[in-house]
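Structure, as structure tokens:
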Amino acid sequence: MRAATRITALFATAMVLCASLVAPPLQAAVAATVDPNAYYVLVNQNSGKALDVYNLATNDGAPIAQWTRNDGAWQQWQFVDSGGGYYRLKSRHSGKILDFPSTADRTGLVQTTDANRTGQQFRLADSDGGRVRLINRASGKAVDVLDFSTADGAQVVQWPDTGGTNQQWQLVRVGSTGTFTNPIKRNGPDPWLQYYNGYYYLATTTWNSTITMRRSRTLAGLSSAADTVVFNLSGRPNGCCNMWAPEFHLLNGRWYLYYVAGQNVPEINPTQRLHVLESAGTDPMGPYTFKADLGNTWELDPSILQHNGKLYLMGSAIDGTQSLTITPLSNPYTISGARRTISQPTLAWERQTAAVNEGAEPLYRNGRVMIVYSASACWGPDYKLGLLTLTGSDPLIRSHWTKSPNPVFQRNDGNAVFAPGHNGFFKSPDGTEDWIVYHANDSASGGCDMNRSTRAQKFTWNADGTPNFGTPVRLGTQLPAPSGEPTS
């Protein structure tokens, strides 16, 4: 427990951001809801710290600050309904109510006895990633961490609603996991996501000469995390441009980042090839060095299958139609045999708009080896997922794979999700849950371009050992965060 004798804050009057940096207000809340019988910890998006009764005070007029999250009663708040979409926030520690005693800019947030005054009433305004802004009824201004401070004890004030990250708060219900909403990245086609050493790492197609990655301790945080360039392809003769479908795999103690890139030619690109980078250590964000070209003919969507101690490169190439391929590897960057075709788009649902099999991704459970792949044209609304199961012993032999007769994940018009595909898989932080990450469009007219967004959802398993991905969820639906996700 934090000591009650924490030194009294020295709240300095600081100059706020100049008006030229202020963004226009975001849209008012339409979906944010709270349970008035629950307590919540409010975590600031900019600092990652919690709204806190400073120095464990219980008196009227005591200042409210931010502090490293510890979920103590002094960081727990109950939303008391004031009617008309407004709430009073009651401290579990003191029983007092949050209050702005003035409508002036930079007025400090304090706690006072509940009088249900308008200065004690707040509405919720939605922000990206399921976060909210708290807008005061008397002033119309937002609860704001002064000057974007990340320090313990930083003053919390009111300021015009700019939508800045220092005005965004995640509501974490006490005794439960956090939440998130899709998309976790806008303009994020062909996603690959892994949880490693306390962080989620996400890479997607850029369609330019850079490979980028973003990371966050929470799934919700990926939506606003910065993209970091981990490798620049400029100047490479066989793959300078049009980077698609990156994937990073930890193999033999290093990360290997596989991707598609070609020459600087139009979108219909006959020069696209598979390539691989190698990390210097165990950080998924590198640094990376170029390791190898993987083949000298057109091929897309690299991934790695592991079986019986051997590595295989999976891809998508032309074999009459665009088909799934597999190639043996002697190590993560060296091809050691001929490329084979293991699936062609022969079923009607694999041939909508165009006949395509691509985006093969491995899935393992209880000794069963499966491939989940994307079928039909990515530029049509019926792009979807199919399933192959290794029912023989040799993944290089086409007849040793059995195709499920029906798709396992597809469009849902009622939820406005179209062309869900090109997926990956990851485990929850505690290893108890299985999750799928994929891209999709918001409308049936969406194309095969950068407007596709990255989404994630938990999935379960059928009695026969096959995955049950359920129905793709509507954008903006609040979902429980993965089990074991860090709480600060």
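Residue numbers (mature numbering (1 follows the signal peptide of the UniProt record, and there is no 0)): -28 to -1, 1 to 460. A virtual CB, placed ideally from N, CA and C, is assigned to each residue, including glycine. It should be emphasised that the depicted structure is a prediction, and the values quoted were computed from it without experimental measurement.
- The continuous beta strand (DSSP E) containing LEU23 extends over residues 22 to 25.
- In the three-state scheme derived from DSSP, where H, G and I count as helix and E and B as strand, SER346 is classed as strand.
- Among the bridge pairs identified by DSSP, MET422 is matched with none.
- The straight-line gap separating the alpha-carbon atoms of GLY170 and PRO367 is approximately 33 Å.
- With respect to PRO452, GLY225 sits apart: the two C-beta atoms are not nearer than 9 Å.
- In this structure, DSSP gives PHE220 an extended state, which the three-state scheme calls strand.
- The continuous stretches of beta strand (DSSP E) do not include VAL237, and DSSP gives it neither H nor E.
- For ASP116, the closest alpha carbon among the candidates ASP354, ASN138, VAL104 is that of ASN138.
- Going by beta carbons, ASP133 and ILE107 fall inside the 9 Å limit.
- Cβ neighbours of ASN154 within its own chain (closer than 6 Å, five residues either side excluded): ARG427, LEU447.
- In the DSSP assignment, GLY456 falls outside any beta strand (DSSP E) and carries neither an H nor an E.
- The residues PHE431, in chain order, have a CB closer than 6 Å to that of ASP406 in the same chain once the five nearest residues on each side in sequence are set aside.
- The Cβ atoms of ARG312 and THR293 lie no closer than 9 Å to each other.
- Beyond the five residues adjoining it in sequence on each side, TYR12 comes within less than 8 Å, by CB distance, of VAL6, GLN48, TRP49, GLN50, PHE51, LEU143, VAL144, ARG145, VAL146 in the same chain, given in chain order.
- Cβ-Cβ separation between PRO163 and HIS411: approximately 6 Å, consistent with a contact (criterion under 8 Å).
- For the pair of segments examined, the segment 370 to 379 was found not to touch the segment 387 to 404: the number of CB pairs separated by less than 8 Å stays below three.
- As the crow flies, the alpha-carbon of SER308 is around 24 Å from that of PRO242.
- The distance from the Cβ of ALA252 to that of TYR231 is about 18 Å, inconsistent with a contact at the 8 Å cut-off.
- Residue burial annotation: GLY207 is exposed, with fewer than 16 other C-beta atoms found within 10 angstroms of its C-beta.
- Between LEU246 and PRO209, the CB-CB gap reaches or exceeds 9 Å.
- Between the alpha carbons of ARG103 and TRP39 lies a distance of about 18 Å.
- For the 9 Å CB-CB criterion, LEU229 and ALA175 form a contact.
- Taken in chain order, no unbroken stretch of alpha helix (DSSP H) lies wholly in the segment 242 to 316 with a span of 4 residues or more.
- Distance from the CA of ASP199 to the CA of MET185, rounded to the nearest whole angstrom, comes to 5 Å.
- The residue from GLY160, TRP270, TYR305 with its alpha-carbon nearest to that of TRP227 is TYR305.
- Straight-line measurement puts the Cα of ASP119 at about 54 Å from the Cα of GLU322.
- Per DSSP, reduced to three states, the secondary structure at PHE120 is helical.
- Counting along the chain, the unbroken beta strand (DSSP E) around HIS394 starts and ends at 390 to 399.
- LEU360 and TRP373 do touch by the CB rule: their CB atoms are close to 5 Å apart, below 8 Å.
- Between the alpha carbons of LYS282 and PHE398 lies a gap of roughly 21 Å.
- Inclusion of SER348 and ALA332 in the CB contact set at 9 Å is not warranted, their separation being larger than that value.
- The C-beta distance from VAL25 to THR79 rounds to 17 Å, too long to meet the 8 Å contact threshold.
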